[in-house]
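Numbering follows our numbering, with no gaps: position 17 of the sequence shown is 125.
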Amino acid sequence: MTDLSRQHNEAKKLSKELRKKGISDERVLAAISNVPRHSFIDEQLSAYAYQDRPLPIESGQTISQPFTVAYQTELLQLQAGEKVLEIGTGSGYQAAILCEMEAEVYSIERYYNLYQTAKEILNKLGYYPNLFFGDGFEGLPEHAPFDKILITAAPEKIPEKLLQQLRVGGWMVVPLGGRGGQKMTVIRRVSDTEFKESEHGDFIFVPMQEGTVE
109 MTDLSRQHNE AKKLSKELRK KGISDERVLA AISNVPRHSF IDEQLSAYAY QDRPLPIESG
169 QTISQPFTVA YQTELLQLQA GEKVLEIGTG SGYQAAILCE MEAEVYSIER YYNLYQTAKE
229 ILNKLGYYPN LFFGDGFEGL PEHAPFDKIL ITAAPEKIPE KLLQQLRVGG WMVVPLGGRG
289 GQKMTVIRRV SDTEFKESEH GDFIFVPMQE GTVE
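In structure tokens, the structure reads:
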């Protein structure tokens, strides 16, 4: 068996494991099966690529646990062609999952080296999301409104500027809270001025930080 076929088998096993853990969206599970997670991590960690665990990447950041990626993506209830803003490109793995699900992906990263590395990896794999180096708290107002917004780091409070970049009828998935742990929160924009929140379990994410790092 070639390395490529072995890794694809590992990805399919991971998808089955996530199904057992409660992920039911078939398109999310198919994306997990198809995206080569090992491509987004250091080669020295490749033995752990298809285990359901977070792993370190550059700049003190992490590639999220696959269950967390799948869970957040499932909460988006993504439809093909929807315009999605991801805050925190990180390794690029989540952006690849969104691309695999045929979304129109916009993603912003505050660490320049992560932005560059993710862009190279994604393009090499044939994924071409719209990537930006910038402050996630600012979002991308010039490309708004977005159908969905996915935040992959934890703000203590809901970023107001990002709420305003949601279209009416759209929603945001965000791990909300301090360093001790967060509540996965879905915020739906009901009208120009009204938003509704619901909570979906406890998680631990790295804090969302302002500014950029070159």
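All C-beta atoms, glycine included, are put in the ideal place defined by N, C-alpha and C.
- Just so you know, the alpha carbons of A252 and Q273 end up roughly 5 Å apart.
- DSSP places F175 inside the alpha helix (DSSP H), whose first and last residues are 174-184.
- In terms of CA proximity to F148, I165 leads the group A188, A139, S215, I165.
- For V294, the enclosing beta strand (DSSP E) has its first and last residue at 290-297.
- In the DSSP assignment, V136 falls within the unbroken alpha helix (DSSP H) covering 134-142.
- Straight across, the Cα-Cα distance linking R114 with K121 is about 11 Å.
- Cβ-Cβ distances below 6 Å link P263 to M316 in the same chain, with the five nearest sequence neighbours on each side left out; the list follows chain order.
- Shown here for V298: same chain residues with a beta carbon closer than 7 Å to its own, the five before and five after excluded, namely K304 in chain order.
- Partner residues in the beta bridge of V281, as assigned by DSSP, are L258, V294.
- Cβ neighbours of K227 within its own chain (closer than 7 Å, five residues either side excluded): L239.
- For V321 and G196, the gap between their C-alpha atoms comes out near 13 Å.
- For K304, the enclosing beta strand (DSSP E) has its first and last residue at 303-311.
- Checking the DSSP bridge columns, you'll see Y219 partnered with V321.
- At the C-beta level, P249 and I259 stay beyond 9 Å of one another.
- Shown here, F148 sits in a helix according to DSSP, grouped into three states.
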